[in-house]
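Written below as structure tokens is the structure these notes are about.
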Amino acid sequence: MTDDTNTSGADRDDGDAARTRTRTRTRTTQDAQRSTADQATAEQRETATPDDQRDETATNGDRRRRRRRGGRGRGRRRPAAARPAGADEDTAAADDEPAEARSGEVADEIVRGGTRLAAKRQARDRRGGRAARRSGARRVAEVSEDVRRAMLDGPPRTMLVTTRGDRTRIAVLEDRTVVEHYVTRKEDVSFVGNIYMARVQNVLPGMEAAFLDIGKGRNGVLYAGEVLYDELDLEGDAERRIEAALKPGQTVLVQVTKDPMGSKGARLTMHLSLAGRYMVLAPNETIFGISRKLADDERERLRKILKRIKPDGHGVIVRTAAADATEEQLADDLRRLLKKWEVVHERGQTAKALEPVYEEPDLVVRVIRDNFGPDFEALVVDSEDVRGNVAAYLEEVMPEALDKLQLYQPPTDRKREEPLSLFDAYHVTEQLKQALERKVWLPSGGYLIIEKTEAMTIIDVNTGKFTGSTNLEETVLKTNLEAAEEVVRQLRLRDIGGMVVIDFIDMLLKANQEQVVRRLKRELLRDRTKTRVSDVSRLGLVQMTRKNVSQGLLEVFSRRCPHCEGRGLLLELE
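For the sequence shown, position 344 (counting from the first letter as 1) is numbered 337 according to our numbering, and the numbering increases by one without interruption.
Laid out in structure tokens, this is it:
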């Protein structure tokens, strides 16, 4: 008995000693790891870039701003002895959290004094740091220069202009396929580009915006980021806040950047600009830029020309239409813009409140200025008046394009009671009717479903009748590639703006996902409207944005249903 008891006690002593040695070694190892981690952290801080240091400071600041309110003693780490026996690491971690955090209730402190303008500056400062951190991640390759140049050249194009009563419509065709459509009525004229002497109605500091009357019934909105603070008389060292710069009743010169839509008023800016054929003049600005849609060698050629002809005291942006333009053509376009600005500036000095200072030309001239170029084979109109106005504009700006202007003569057909219209002759009307449908068929048998909501436009891709011939992944890839091309055509034709979410068919291979995104970006090179495309998300979605300037095709040719109020559903509660 005694021997057995002593042996058992010795075993316990040996076990306790072994456990003690094990805990000692564990603590030593943990201390060494913590020391190594602390040293590595210190080295990272010493070698960190300014952008990384700003990010770390911002992160620490965010932690400091967030407070979790609780009773006395909440959120303190419980000693190991006070924890229940057998408690695991998850339980210990949960004990370390404040009671309100465990219950999901977190009280966030509102950061005072922050503005969207300051946030934009901070975002620009952090952009370099984010780019550096993302450099190691695999990104979808951009479109090559050869493909970029080929897409910009594109297939032969034709522009059609038809006038019926008070409505003027313009269609742009690529290989007889309608890709863009514009329409205007006398009672529904676009204000984009117009400059007005506006009167401040009220300023909302909480929204960092002001509402201004431009004499068009509904007030326009001017956000803080669109205010020219340098030209306003700010008292002393007043902060660049919109409530300090603008007061009710004050008059300022503004330009419309976005037409009123629905319940929203026009978007305004104090950063004025005048668009020409090849350039955009930014008076009293320092910006100089060249369209990123141009090839690198062409951008470099234009950059050299711009250095020689750029005006003092004004900014200039070279447009995509300037591709292959000579220095003489660019200089002439710039001279016309400078003369136009002199007139606008003089009118602005004497203009009264709510008075227009500058108005953009009519739709036909505006579309020709922004779109027509050497890649167009013909410009066909069906009105003598329109032909005269277009000829006068082309003679002044693009005399080399005068021979492309044609007056449509309907074919003589005794069997038809009415002559064939211009749009019917080119099958435009038929294609526009298809563009107003929800479902769009793809060449292989797949189809798109396009749904427009208040927040965004959702596009769903389906294989439909297409079954493929080899395997499912190849079938899905071919359908998605066709869908990428058709999506861009529909965006341009329907003039869809805002946020767009595309639900491509799920693909297993990462390379196939990247190929679809490249095809989408390649097709968007033909779109003159500003777009931004993200990579495929974890949910298999592609998110993109397209600048929203005016009403789309659906809004122009439709009206809200009086029965369902646009919901598409009739409620039946009984």
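All residues carry an ideal CB built from backbone N, CA and C; glycine is no exception.
Let me check one thing: in DSSP terms, what residues is residue i bridge-paired to?
i      : result
Arg178 : Arg160, Asp181
Met190 : Leu246
Leu570 : For the chain, the structure presents residues -6 to 567; residue 570 sits outside this window and is missing.
Leu267 : Leu274
Leu197 : Ala202
Val481 : Per DSSP, none; premise fails for Val481.
Ile443 : Ile452
Arg260 : Val214, Lys251
Thr538 : Met492, Arg525
Trp602 : Residue numbering for the chain in the displayed model covers -6 to 567; residue 602 lies beyond these limits and cannot be assessed.
Pro349 : Tyr189
Using only the alpha-carbon positions, how far apart do residue i and residue j sit?
i      : j      : result
Leu299 : Arg285 : 15 Å
Asp488 : Thr279 : 32 Å
Met152 : Arg162 : 11 Å
Gly208 : Asp496 : 43 Å
Arg211 : Lys445 : 25 Å
Arg270 : Val311 : 9 Å
Leu562 : Asn541 : 27 Å
Gly282 : Ala203 : 29 Å
Arg47  : Arg525 : Because Arg47 carries a pLDDT of 42, less than 50, the predicted location of this residue cannot be relied on, and the following value inherits that uncertainty. The straight-line gap from Cα to Cα measures roughly 27 Å.
Phe550 : Pro354 : 24 Å
Leu372 : Pro403 : 16 Å
Lys257 : Leu356 : 23 Å
Glu467 : Asp528 : 20 Å
Met584 : Leu327 : Given a span of -6 to 567 for the chain in the structure shown, any question on residue 584 remains unanswerable.
Glu548 : Gly186 : 21 Å
Thr450 : Pro555 : 23 Å
Asp570 : Gly242 : Past the edges of the chain, shown from -6 to 567, lies residue 570, and the structure says nothing about it.
Leu425 : Ala288 : 33 Å
Gly308 : Thr522 : 21 Å
Ile498 : Arg431 : 18 Å
Glu611 : Leu265 : Absent from the structure is residue 611, since the part of the chain shown begins at -6 and ends at 567.
Leu465 : Leu502 : 12 Å
Tyr401 : Ala384 : 15 Å
Which residues in the same chain have their Cβ closer than 6 Å to the Cβ of residue i, if we skip the five residues on either side of it in sequence?
i      : result
Thr262 : Glu219, Gln248, Thr250
Ala394 : Leu387
Ala324 : Ile302
Met500 : Val469, Gln506
Pro253 : Arg211, Ala259
Gly545 : Arg487, Asp488, Ile489
Gly341 : Leu246, Val350
Ser543 : Ser183, Asp252
Pro149 : Glu370
Leu330 : Leu267, Gly269, Leu274
Leu166 : Thr151
Gly366 : Ala314
Ala164 : Leu153, Val171, His174, Val421
Phe416 : Thr155, Thr422
Tyr216 : Ala202
Tell me the DSSP secondary structure of residue i in three-state form.
i      : result
Gln544 : coil
His307 : strand
Gly218 : helix
Gln496 : Looking at the sequence itself, residue 496 is Asp, so the reference to Gln does not match. Three-state DSSP puts Asp496 in a strand.
Pro392 : helix
Ala344 : coil
Lys458 : coil
Ile451 : strand
Asp325 : helix
Leu166 : strand
Asp528 : strand
Arg234 : coil
Leu153 : strand
Glu467 : helix
Phe365 : coil
Just to confirm my understanding: we take residue i, look at its own chain, exclude 5 residues before and 5 after, and list those with CB closer than 7 Å. What are they?
i      : result
Glu516 : Ala477, Glu478, Val481
Asp206 : Ala191, Arg192, Gln194, Asn212, Leu347
Tyr222 : Arg233, Ala238
Take residue i and list the residues in its own chain whose beta-carbon comes closer than 8 Å to its own, dropping the five residues that flank it on each side.
i      : result
Glu180 : Asp159
Lys568 : With the chain covering only -6 through 567, there is no way to say anything about residue 568.
Check the Cβ-Cβ distances between residue i and every residue of chain D, and say whether any is below 9 Å.
i      : result
Val358 : Absent here is chain D; the protein component of the structure consists of one chain.
- Query: Below 8 Å, can you find three or more Cβ-Cβ pairs linking the region 233 to 242 to the region 374 to 386?
  - Reply: no
- Query: Is the region 190 to 205 touching the region 505 to 521 in the sense that three or more CB pairs, one from each, lie closer than 8 Å?
  - Reply: no
- Query: Does the region 356 to 371 touch the region 327 to 341, meaning 3 or more C-beta pairs lie closer than 8 Å?
  - Reply: The region 327 to 341 makes no contact with the region 356 to 371; the number of CB pairs closer than 8 Å stays below 3.
- Inter-stretch contact at 8 Å, needing at least 3 Cβ pairs: the region 344 to 352 / the region 186 to 193: These segments touch.
- Message: Can you confirm whether the region 417 to 434 touches the region 163 to 183 when touching is taken to mean that 3 or more C-beta pairs between the two stretches lie within less than 8 Å?
- Response: yes
- Query: How do the region 449 to 462 and the region 434 to 441 stand: do at least 3 beta-carbon pairs fall below 8 Å, yes or no?
  - Reply: yes
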